[in-house]
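In the numbering used here, the protein residues as written are 2 to 339.
Note that the Cβ used here is the ideal one computed from N, Cα and C, for glycine as well.
Quick notes on the structure that follows.
Now the structure itself:
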């Protein structure tokens, strides 16, 4: 039995706490709201995020962050990217003994263009963290708590730490692989949200299967092109954190990014979509960061550019599609010739 605290009681944090509790670990989940913690402790539900899900009675919750930190040897950080620095600062002030820290979020910070492990490394002093690990892959929380077969990957510069987390989560329905490419795993998990937003737009426009297949395929090429230029392994983008996560996020009704894109394609404004979703749409922030990365690394990312024009420059989705389809001729393999 390992003592684990999950920092963040949204849908994904709750699903991972569900897995850990079922694996027999002493798991405590932290959320900001006391009433949510009480619901988990007393009703064994978290209906605001996971409807009709009965949580293990062994899973406990708290709204006291100090209690959550003191409880655990392993911290699973499951907060949105925009709150990562704030929670990192708070954890830094509370950690007394070195913790193994795992983040399970997917995004890039606009302007600084930092990945989440980089943000956490800046906010949490080295002596407080035994290692930093990222967990990513095609994994909707709604299906994990139904015990449907799910596979993810964990990556860390510390191979032993990655293997520890692999062992922590592995069971008959939740299979975990390890990967040494932290950069590629984080980029794949973040950038697929951009393509998933665009995929939702194509569905909202009712462009059909041909358009969706083209968008996912060229989207993966675009992600790989940037990732390799930044130093990641191209093989990572053909794996769970790349192709796998892109497929599930661009096609599933569980995907917040797909839902947001779908609403945009049907004519809703970004403001209407954001208000209607009620949860963080990581792909919006990541589109801005990806647009900046493309310029910084001088990488062609036309799908990202088109989506950026819709989200932040007032272009209509159909205009963006028309621009994409009428660009100059290209060879398909130009992306990978180098």
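N-terminal and C-terminal residue of the beta strand (DSSP E) that residue i is part of
i: residue 180; result: 175 to 180
i: residue 104; result: 100 to 104
i: residue 96; result: Unbroken run through residue 96: none, as it is neither H nor E.
i: residue 75; result: 75 to 78
Which listed residue (the options) has its alpha carbon closest to that of residue i
i: residue 78; options: 134, 287 and 161; result: 134
i: residue 159; options: 234, 102, 227 and 204; result: 102
i: residue 252; options: 234, 97, 194 and 238; result: 194
i: residue 99; options: 108, 286, 76 and 83; result: 76
i: residue 48; options: 71, 15 and 28; result: 15
i: residue 113; options: 238, 271 and 297; result: 297
i: residue 69; options: 18, 211 and 328; result: 18
i: residue 42; options: 71, 10 and 73; result: 10
i: residue 319; options: 330, 332, 304 and 329; result: 304
i: residue 217; options: 188, 45 and 244; result: 244
i: residue 150; options: 85, 177, 137 and 132; result: 177
i: residue 4; options: 139, 165, 87 and 116; result: 165
i: residue 161; options: 315, 174 and 181; result: 181
i: residue 175; options: 138, 206 and 188; result: 138
i: residue 152; options: 2, 20, 330 and 317; result: 20
i: residue 108; options: 329, 299, 294 and 331; result: 294
i: residue 184; options: 229, 125, 316 and 84; result: 229
i: residue 314; options: 270, 275 and 302; result: 270
i: residue 85; options: 124, 95, 268 and 204; result: 124
i: residue 299; options: 238, 322, 226 and 321; result: 226
i: residue 326; options: 110, 211 and 60; result: 211
i: residue 111; options: 302, 192, 186 and 238; result: 192
i: residue 301; options: 2, 224 and 214; result: 224
i: residue 238; options: 46, 332, 116 and 154; result: 154
i: residue 13; options: 209, 222, 141 and 188; result: 141
i: residue 219; options: 231, 247, 205 and 241; result: 247
i: residue 317; options: 22, 275, 221 and 266; result: 266
i: residue 132; options: 186, 95, 74 and 106; result: 74
Secondary structure of residue i, DSSP reduced to three states
i: residue 156; result: strand
i: residue 27; result: strand
i: residue 281; result: coil
i: residue 183; result: helix
i: residue 327; result: coil
i: residue 51; result: strand
i: residue 237; result: helix
i: residue 334; result: helix
i: residue 57; result: coil
i: residue 10; result: coil
i: residue 91; result: helix
i: residue 320; result: helix
i: residue 267; result: coil
i: residue 172; result: coil
i: residue 300; result: coil
i: residue 68; result: helix
i: residue 46; result: coil
i: residue 127; result: helix
i: residue 206; result: coil
i: residue 255; result: coil
i: residue 292; result: helix
Residue range of the unbroken alpha helix (DSSP H) whose run includes residue i
i: residue 132; result: Unbroken run through residue 132 is the beta strand (DSSP E), 130 to 137; no alpha helix (DSSP H).
i: residue 224; result: 209 to 231
i: residue 121; result: 117 to 124
i: residue 310; result: 303 to 313
i: residue 148; result: No alpha helix (DSSP H) contains residue 148, which DSSP labels as neither H nor E.
i: residue 247; result: 246 to 252
Residues sharing a beta bridge with residue i, DSSP
i: residue 63; result: 31
i: residue 4; result: 27
i: residue 86; result: The partner list for residue 86 (beta bridge, DSSP) is empty, contrary to what the question assumes.
i: residue 109; result: 116
Test: residue i CB closer than 8 Å to a CB of chain D
i: residue 314; result: Given the protein chain composition of this structure (a single chain), no chain D is represented.
* **Sufficient close CB pairs (3 or more, under 8 Å) joining the region 61 to 76 to the region 31 to 50** => The way I'd put it, the region 61 to 76 does touch the region 31 to 50; three or more beta-carbon pairs between them come closer than 8 Å.
* Asked: Do the region 135 to 149 and the region 49 to 61 meet, that is, are 3 or more Cβ pairs less than 8 Å apart?
  -> Verdict: yes, contact present.
* Are three or more beta carbon pairs between the region 241 to 261 and the region 190 to 207 nearer than 8 Å? -> Judged by Cβ distances under 8 Å, the region 241 to 261 makes contact with the region 190 to 207, as three or more pairs qualify.
* To do: Please confirm if the region 83 to 91 is in contact with the region 12 to 32, defined as three or more CB-CB distances below 8 Å between the two stretches.
  => Segment contact: the region 83 to 91 against the region 12 to 32, fewer than three CB-CB distances shorter than 8 Å; contact not assigned.
* Do the region 280 to 290 and the region 306 to 321 make contact, defined as three or more Cβ pairs closer than 8 Å? -> They touch, by the three-pair rule.
* To do: Would you check if there are 3 or more beta carbon pairs closer than 8 Å linking the region 254 to 261 to the region 275 to 283?
  => Segments in contact, yes.
* **the region 259 to 272 in contact with the region 164 to 179 per 3-pair CB rule at 8 Å** => Per the Cβ contact rule, the region 259 to 272 is not in contact with the region 164 to 179 (fewer than 3 Cβ pairs under 8 Å).
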